[in-house]
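A.B. asks: Encoded as structure tokens, here's the structure I'll be asking about.
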Amino acid sequence: MTSSKTIARERDHACKNQGGYCCYCTLPMLPVGDASPLECTAEHLQALCDGGTHRGNIAAAHRWCNQRRHDLFQPAPPPEKYRQIVEKQVANNTWFSTPLLKQLEEYA
Numbered sequence: 003m004t005s006s007k008t009i010a011r012e013r014d015h016a017c018k019n020q021g022g023y024c025c026y027c028t029l030p031m032l033p034v035g036d037a038s039p040l041e042c043t044a045e046h047l048q049a050l051c052d053g054g055t056h057r058g059n060i061a062a063a064h065r066w067c068n069q070r071r072h073d074l075f076q077p078a079p080p081p082e083k084y085r086q087i088v089e090k091q092v093a094n095n096t097w098f099s100t101p102l103l104k105q106l107e108e109y110a
């Protein structure tokens with residue numbers, strides 16, 4: 003079993019490699035511990051329940067983007083397909099609620 007410290011390390015590594023931007027919406031993420039939907043989380047690109055592992059399978063994503071992939075779709079779409087869905091909604095200004103957009107603007 004993988005420890006939460008290992009997952010945190012993988013998340014931090016992914017966040018750094020991505021320049022602090024979400025792998026789905028490509029907008030900046032808030033620091034871990036911010037308790038915000040815009041906080042950086044570890045996203046398993048292939049879900050653990052689908053045979054994914056921790057190593058090399060983790061990208062950094064907003065909590066909002068990460069959870070919606072699994073909440074809105076059953077089963078969750080592949081990462082690239084989901085990224086296209088998210089990018090289209092971001093471009094149409096329909097992905098984030100107004101309070102989240104304001105929080106992003108304040109952080110950026």
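Numbering (our numbering), first residue to last: 3 to 110. We treat Cβ as the ideally placed atom computed from N, Cα and C, and that holds for glycine.
Between residue 25 and residue 62, which are expected to be in contact by the criterion C-beta below 8 Å, what is the C-beta distance as a whole number of angstroms?
C.D. replies: At roughly 6 Å, the Cβ-Cβ gap stays under 8 Å, so residue 25 and residue 62 are in contact.
A.B. asks: Using only the alpha-carbon positions, how far apart do residue 3 and residue 13 sit?
C.D. replies: Only weak support exists for where residue 3 lies, its pLDDT of 49 falling under 50; the coordinates are left without a value.
A.B. asks: Let's test the definition: count the other Cβ atoms within 10 Å of the Cβ of residue 74 and tell me whether it reaches 16, buried, or not, exposed.
C.D. replies: Burial call: exposed.
A.B. asks: Given a cut-off of 8 Å on the beta-carbon distance, is the pair residue 47 and residue 41 in contact?
C.D. replies: Result no, Cβ atoms of residue 47 and residue 41 do not sit closer than 8 Å.
A.B. asks: Considering only the alpha carbon of each residue, which of 8, 29, 16 and 87 lies closest to residue 108?
C.D. replies: The shortest C-alpha separation from residue 108 is found at 29.
A.B. asks: Where does residue 100 fall in DSSP's three states?
C.D. replies: The answer is helix: DSSP assigns residue 100 an H, G or I state.
A.B. asks: Which residues in the same chain have their Cβ closer than 8 Å to the Cβ of residue 105, if we skip the five residues on either side of it in sequence?
C.D. replies: Result list for residue 105: 32, 38 and 40, in chain order.
A.B. asks: With C-beta atoms as the reference, is residue 68 less than 8 Å away from residue 96?
C.D. replies: Contact flag unset, no.
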